[in-house]
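Down below is the structure, laid out as structure tokens.
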Ligand code: FES
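If you want it as structure tokens, here you go:
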């Protein structure tokens, strides 16, 4: 039966409440079918809870890697209109023909002109004042740590925003970041300890616990997982008598797991320090460990 003119014509539009990962995907699917979509969220931006996550269960994949392409696509799609800071005041009508009334709260900036450059934040005359009550007047830091840290600070004295390289140097030198070192760094850089701790706990390469002489990083990325990285990890755990994330009592080995180290062709892969060992199997584990300080 030939289609009528009305059946051929795509009509109507859709409103999706909630700009989380589900809302964004629904908006993209509907827009791809030629339907105009209004994506409404009460928050200042879309992204939902997933934007606050580091990893997702059960694959431990990076949350931002899943979300970022959808965020960009939603922002660019000509048929998706994102309405943030908005609440639904009323809904009228029946299925297929709803009328909604939205209340949009003020953003206090011109959304047409804002490029997100951050200059307004830098020039804002209102600042939060952070009050810190020091637990101790004096930071108790050993002479050895003090000497090393002063040398590192001297190296970066001309560098602005040197917190990360300073922590990297300290972490490389001590093999972890001792608490007095973090306190001393905050004091020297004149910044809250919370900021230093936030950076120290954000990057996986920093550790707040003493680590072993050899750091074993087993890749559990998809390619390595499929090729038996789990069995290799279990063999290392059993050989060293520790669980992943832990250090042997003699401080020789720390066992860590990572996601894809870029040698998927050699899967399953692990690193000991900076040395890469590919095509691993559980039977190769004792010999490998033995080659690093006769551990087996
Ligand atoms: S998944 Fe292991 S190196 Fe890529």
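Residue numbers (our numbering): 411 to 706. Using N, Cα and C, we set each Cβ at its ideal position, and we do this for glycine too.
Could you give the DSSP three-state label for residue 445: helix, strand or coil?
-> Position 35 of the chain shown, counted from the start, is the residue given in the question as residue 445. Three-state DSSP puts residue 445 in coil, outside helix and strand.
Given 8 angstroms, three or more beta-carbon pairs between the stretch 502-511 and the stretch 482-490 = no
Reference residue 604, options 614, 615, 589, closest by Cα = Position 194 of the chain shown, counted from the start, is the residue given in the question as residue 604. Taking only the C-alpha atoms, the option nearest residue 604 is 589.
Simplified DSSP state of residue 572, which is helix, strand or coil | Position 162 of the chain shown, counted from the start, is the residue given in the question as residue 572. Looking at residue 572 - three-state DSSP - the assignment turns out to be coil, as it is neither helix nor strand.
So what does residue 490 bridge to, in DSSP terms?
-> For the purposes of this step, residue 490 is identified with residue 80 of the chain shown, where counting begins at 1. 447.
Chain-order list of residues whose beta-carbon lies under 8 angstroms from that of residue 522 (same chain, five-residue window excluded) | The residue given as residue 522 occupies position 112 in the chain shown. Excluding sequence neighbours, residue 522 sits near nothing in its chain.
What are the boundary residues of the beta strand (DSSP E) that includes residue 502?
-> On the chain shown, residue 502 is found 92 positions in, with the first residue counted as 1. Looking at the DSSP string, the run of the beta strand (DSSP E) that includes residue 502 is 496-504.
What is the DSSP secondary structure of residue 467, counted as helix, strand or coil?
-> As a position in the chain shown, residue 467 is number 57, starting the count at 1. Coil at residue 467, not helix or strand.
Measure the CB-CB distance between residue 683 and residue 673 and report whether it falls below 8 angstroms.
-> For the purposes of this step, residue 683 is identified with residue 273 of the chain shown, where counting begins at 1. For the purposes of this step, residue 673 is identified with residue 263 of the chain shown, where counting begins at 1. No, the Cβ-Cβ distance between residue 683 and residue 673 is not below 8 angstroms.
With DSSP collapsed to three states, give me the class of residue 583.
-> Numbered from 1 along the chain shown, position 173 holds the residue referred to as residue 583. DSSP places residue 583 in helix when its eight states are reduced to three.
Determine the DSSP secondary structure at residue 618, reduced to helix, strand or coil.
-> As a working mapping, residue 618 is identified with position 208 in the chain shown. Three-state DSSP puts residue 618 in coil, outside helix and strand.
By how many angstroms is the C-alpha of residue 678 removed from the C-alpha of residue 559?
-> To locate residue 559, count along the chain shown from 1; it is residue 149. To locate residue 678, count along the chain shown from 1; it is residue 268. About 38 angstroms.
Beta-carbon separation of residue 642 and residue 695 under 8 angstroms?
-> Residue numbering aside, residue 642 sits at position 232 when the chain shown is read from its first letter. Residue numbering aside, residue 695 sits at position 285 when the chain shown is read from its first letter. In this structure, residue 695 lies closer than 8 angstroms to residue 642 by Cβ.
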